[in-house]
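Just so you know, the protein sequences line up as chains E and L, in that order.
Note that the first sequence covers residues 1 to 170 in the UniProt record's numbering.
Note that the second sequence covers residues 1 to 170 in the UniProt record's numbering.
So the structure is just underneath, and the comments pick up after that.
2 protein chains.
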Amino acid sequence: MRIEAAPARDSDDLIELLFFAYRDFVGDPDRILAEYGFGRAHHRVLHFVDRYPGLTIAELLDILRITKQSLNRVLKDLIDQGYVEQRTGTSDRRQRLLFCTPTGRSLTADLTRVQVRRVARAIEEPAEAEGRNGREARIASAQGFLLAMIEPGDRPAVRRLMARRAGMRA
Amino acid sequence: MRIEAAPARDSDDLIELLFFAYRDFVGDPDRILAEYGFGRAHHRVLHFVDRYPGLTIAELLDILRITKQSLNRVLKDLIDQGYVEQRTGTSDRRQRLLFCTPTGRSLTADLTRVQVRRVARAIEEPAEAEGRNGREARIASAQGFLLAMIEPGDRPAVRRLMARRAGMRA
DNA sequence: CCAGATAAGTCAGTGTTGTTGACATATCTC
DNA sequence: GAGATATGTCAACAACACTGACTTATCTGG
């Protein structure tokens, strides 16, 4: 696969592979979403609300990096059709805490399933040029690379967010 | 021995990290593109035409997975504004071979620069949990993971495409 | 307690990028 | 020369992002 050790060259290849990987990665759930009349924007909301129940609007906006108006359009769809519900915040009653309904969790599970399948396969595969590293090492590598791709200033927020899950279902 | 629970969890994290990584990965060039009145679609065309000079319309459509009409809109912008040029195919005169003009190469280089910076940094960083693997191993890991994320049936096409570069500039 | 900040919702308009469907033209292949 | 193929184009439409302006409810500090 790799021909030369020029850093820019390796990065070029990674840039291109990231494009192809992401293209196929979002392609899977797209087919399911189409059956429901939803799009990728709906998927992203479902994913984060499902994974981090009680997320506020502001937090979701910060994660997705879209405007309030853009979020509201898809969020409204999901709420009106019973996939997501809002509860008034307890400590701050201005906040709207977001939760998936059972229907929403079920749809999200379907979407997650196809993506997990692809990712799990990518981890499980031999990966030819990869020497004697084990499965665990491959997971750590992939996570390390992707995390390092995130804007350094944003990494603490991502870590903090993902750490929430540790405390969840004990 | 259920091979279900734990891997799904790791995959879940990878799915989320891929979202964040891609979000920031495309965010860099977006800022530059905005100065030219271009969008991501223009970037993708520039990238592939720059990297694989002489690409045909059909090949580009297959890479980008969009319709001819979608491609044409952005391609027309790039041609009209002198970033890309078309030459009639030599063996098959129906084909239009695409090439970047010097201006196009220059813009693409600017776009590539910011993405290379991010990727190179991601490779260069310590990556804490990653044990004693070297830089070379991290590159191989990342490439292996991303390639394995691509739809298996499409991998040969991707390999074939990327192999073109090997023969290019010596 | 009230003034100002903050969280969220909404209306209206716009732009990019994707889609379908229909059709035109040039060129190749048999 | 007939039919397939590569490309280009017109028109309509949808998803999803944006800006800007404004409202409502609620919190917080002086």
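Cβ coordinates follow ideal geometry from the N, Cα and C atoms, glycine included.
- The C-alpha of M162 (chain L) lies about 9 angstroms from the C-alpha of Y52 (chain L).
- In the three-state reduction of the DSSP assignment, R96 (chain L) falls in the strand class.
- Taking the C-beta atoms as reference points, R155 (chain E) is found no nearer than 8 angstroms to F145 (chain L).
- Judged by DSSP secondary structure, Q86 (chain E) falls within the beta strand (DSSP E) whose first and last residues are 84-88.
- Approximately 17 angstroms separates the beta-carbon atoms of Q115 (chain L) and F19 (chain L); this is outside 8 angstroms, ruling out the contact.
- Think of a sphere of 9 angstroms around the beta carbon of R121 (chain L): the chain E residues whose beta carbon falls inside it are A148, M149, P152, in chain order.
- The closest CA to that of L14 (chain E), considering only L:A140, L:P152, L:R164, L:R160, is found on L:A140.
- Going by DSSP, I66 (chain L) is part of no alpha helix (DSSP H) at all; its letter is neither H nor E.
- One finds nothing in chain E with a Cβ atom closer than 9 angstroms to the Cβ of V45 (chain L); even the nearest lies about 12 angstroms away.
- Beta-bridge annotation (DSSP): L46 (chain E) is not paired with any residue.
- With a beta-carbon spacing of about 5 angstroms, G89 (chain L) and L97 (chain L) fall inside the 8 angstroms limit used to define contacts.
- Burial is judged here by how many other beta carbons sit within 10 angstroms of a residue's own beta carbon; M168 (chain L) has fewer than 16 and is exposed.
- Identification of chain L residues near S106 (chain E) by a Cβ-Cβ cut-off of 8 angstroms yields none; the smallest Cβ-Cβ distance measures about 16 angstroms.
- Here DSSP, grouped into helix, strand and coil, assigns T108 (chain E) to helix.
- Taken in chain order, the members of the segment 56-72 of chain E whose beta-carbon sits within less than 7 angstroms of a beta-carbon on chain L are R65.
- Look at T56 (chain L) here: in three-state DSSP terms it is strand.
- The C-beta of V49 (chain L) comes no closer than 8 angstroms to any C-beta of chain E.
- Classified as exposed, A166 (chain E) has fewer than 16 neighbouring CB atoms from the shown chains inside 10 Å of its CB.
- Note on geometry: alpha-carbon atoms of R113 (chain E) and A8 (chain L) lie some 9 angstroms from one another.
- With respect to chain L, the C-beta atom of Q86 (chain E) has no partner C-beta closer than 8 angstroms.
- The beta carbon of D110 (chain E) is closer than 7 angstroms to those of I32 in its chain, skipping five residues each way along the sequence.
- Boundaries of the alpha helix (DSSP H) around F145 (chain E): 135-149.
- Rounded to whole angstroms, the gap between the alpha carbons of A34 (chain E) and E151 (chain L) is 20 angstroms.
- Among the residues of the segment 22-44 of chain E, those with a Cβ less than 8 angstroms away from any Cβ of chain L are Y22, R23, D24, F25, G27, R44, in the order of the chain.
- For the 8 angstroms CB-CB criterion, Y83 (chain E) and L107 (chain E) form a contact.
- Exposure of S70 (chain E) is indicated by the presence of fewer than 16 other C-beta atoms within 10 angstroms of its C-beta.
- The Cβ neighbour count for E16 (chain E), taken over all protein chains shown within 10 Å, is at least 16; the residue is labelled buried.
- The beta carbon of E85 (chain E) lies closer than 6 angstroms to those of F99, T101 in the same chain, with the five residues before and after it left out.
- Going by DSSP, M162 (chain L) is part of the alpha helix (DSSP H) stretching over 155-167.
- Using a 10 angstroms sphere on the CB of A122 (chain E), the tally of other CB atoms reaches 16 or more, which defines it as buried.
- Under the 10 Å beta carbon count, D80 (chain E) is surrounded by fewer than 16 other beta carbons and is classified as exposed.
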